[in-house]
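Per the UniProt record's numbering, residue 1 is the first one in the sequence shown, and the count goes up by one each step.
Below is one structure, written out as structure tokens; comments come after it.
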Amino acid sequence: TDRQTDREEFYGKQLILADRDLVEQGADEILKDADVTDVAFLVVGDPFGATTHSDLVLRAVNSGIPYKVVHNASIMNAVGCCGLQLYSFGETVSVVFWTETWKPESFYDKICKNRTAGLHTLCLLDIKVKEQSIENMMRGKKIYEPPRFMTVSQAADQLIQIIHRRREEGAELGVTEDTVCIGLARLGSDEQKICVGTLRQLVSCDLGGPLHSLVVTGQLHPLEVDMLRINAEPTALDHLSMIDSSTYSS
Numbered sequence: 001t002d003r004q005t006d007r008e009e010f011y012g013k014q015l016i017l018a019d020r021d022l023v024e025q026g027a028d029e030i031l032k033d034a035d036v037t038d039v040a041f042l043v044v045g046d047p048f049g050a051t052t053h054s055d056l057v058l059r060a061v062n063s064g065i066p067y068k069v070v071h072n073a074s075i076m077n078a079v080g081c082c083g084l085q086l087y088s089f090g091e092t093v094s095v096v097f098w099t100e101t102w103k104p105e106s107f108y109d110k111i112c113k114n115r116t117a118g119l120h121t122l123c124l125l126d127i128k129v130k131e132q133s134i135e136n137m138m139r140g141k142k143i144y145e146p147p148r149f150m151t152v153s154q155a156a157d158q159l160i161q162i163i164h165r166r167r168e169e170g171a172e173l174g175v176t177e178d179t180v181c182i183g184l185a186r187l188g189s190d191e192q193k194i195c196v197g198t199l200r201q202l203v204s205c206d207l208g209g210p211l212h213s214l215v216v217t218g219q220l221h222p223l224e225v226d227m228l229r230i231n232a233e234p235t236a237l238d239h240l241s242m243i244d245s246s247t248y249s250s
């Protein structure tokens, strides 16, 4: 690509695009000759955000190859720009694309568990890049599906489908359509967008191109509420109720 060519000219070195197959199955190739020459492995986000990256470090250590980590910006800390306090976040969850035959709901339960503890939840939304269809995998064809990136709207819609089903079953709901949530898109870029609304409102929220993340709020400090108003949709915070003199919940 032109961007890759520009970077190769800038660094005066060949750049190799490391896709999932190379990182997961070609670790030895990445570390080849790293004991006698410098090898740089550049990733998006936190260097240890994937277990395969930790595996690279372990392989280097076991081979006696010294390594140095240069830390990077990540959604895990950049999410603070939405106005919520970082230490009030609970377990991070992943929201995956549903299929006709596979519709897991475990992410909803984890969000509810965080909310029970009063904590916010950062939801990382699914990315499908260089994925093969089952048919092509069975035939051994290296044909890949077009890339797909889950949007905030899609994630919110899946959550609401879970809510509807569980309501019909008479289950107690830890998250409802009126829970205050935050849609995040392209954080750190000049085109970043933040939208605060109820889960229902975010279903119809168009935040543009990838990458997207979703935050489901827990208990809110008044300062957090004031910060959320900066990017809030009309009526988004109307359902907030005071738990005590210094805490809100939706």
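Using N, Cα and C, we set each Cβ at its ideal position, and we do this for glycine too.
Bear in mind the structure is a predicted one, so any value in this text is a computation, not a measurement.
Query	Result
At least three beta-carbon pairs within less than 8 Å, the stretch 92-101 to the stretch 232-241	no
Residue-chain proximity (ALA155, chain B), Cβ-Cβ < 8 Å	This model lacks chain B altogether, as it is built from one protein chain only.
Beta-carbon proximity list for LEU58, same chain, < 8 Å, skipping 5 on both sides	none
Cβ neighbour criterion (16 or more within 10 Å) applied to THR179	buried
Contact the stretch 192-209 vs the stretch 146-155: 3+ CB pairs below 8 Å	yes
Cβ distance (whole Å) where GLU172 is taken to contact ILE160 below 8 Å	Between ILE160 and GLU172 the Cβ distance is about 17 Å, and since that is not below 8 Å, they are no contact.
Assumed close pair GLY218, LEU122 - CB separation to whole angstroms, cut-off 8 Å	Actually they are not in contact, since the Cβ atoms of GLY218 and LEU122 sit about 11 Å apart, beyond 8 Å.
Entirely enclosed alpha helix (DSSP H) segments - the stretch 12-44, minimum 4 residues	20-25 and 27-31
First through last residue of the alpha helix (DSSP H) which encompasses LYS110	106-116
Which listed residue (THR247, TYR248 and LEU223) has its alpha carbon closest to that of CYS82	LEU223
MET76 versus ASP33 - alpha carbon distance	33 Å
6 Å CB neighbourhood of VAL129 in its chain, flanking five on each side removed	PRO147
Residue from GLU24, THR5, ILE182 and VAL215 with nearest C-alpha to ILE230	ILE182
Cβ neighbour criterion (16 or more within 10 Å) applied to VAL215	buried
Backbone secondary structure at SER241 - three-state DSSP	strand
Rounded C-alpha distance that separates SER246 from SER88	14 Å
Inter-stretch contact at 8 Å, needing at least 3 Cβ pairs: the stretch 41-52 / the stretch 63-77	yes
Simplified DSSP state of VAL79, which is helix, strand or coil	helix
Same chain, Cβ closer than 8 Å to LEU124, neighbours up to 5 away in sequence not counted	ILE75, THR92, VAL93, SER94, VAL95 and SER213
Best match in ILE194, MET138 and SER106 for proximity to ILE162 [C-alpha to C-alpha]	SER106
C-alpha distance - CYS195 paired with LEU202, whole-angstrom precision	8 Å
Three-way DSSP call (helix, strand, coil) for TYR248 in this model	strand
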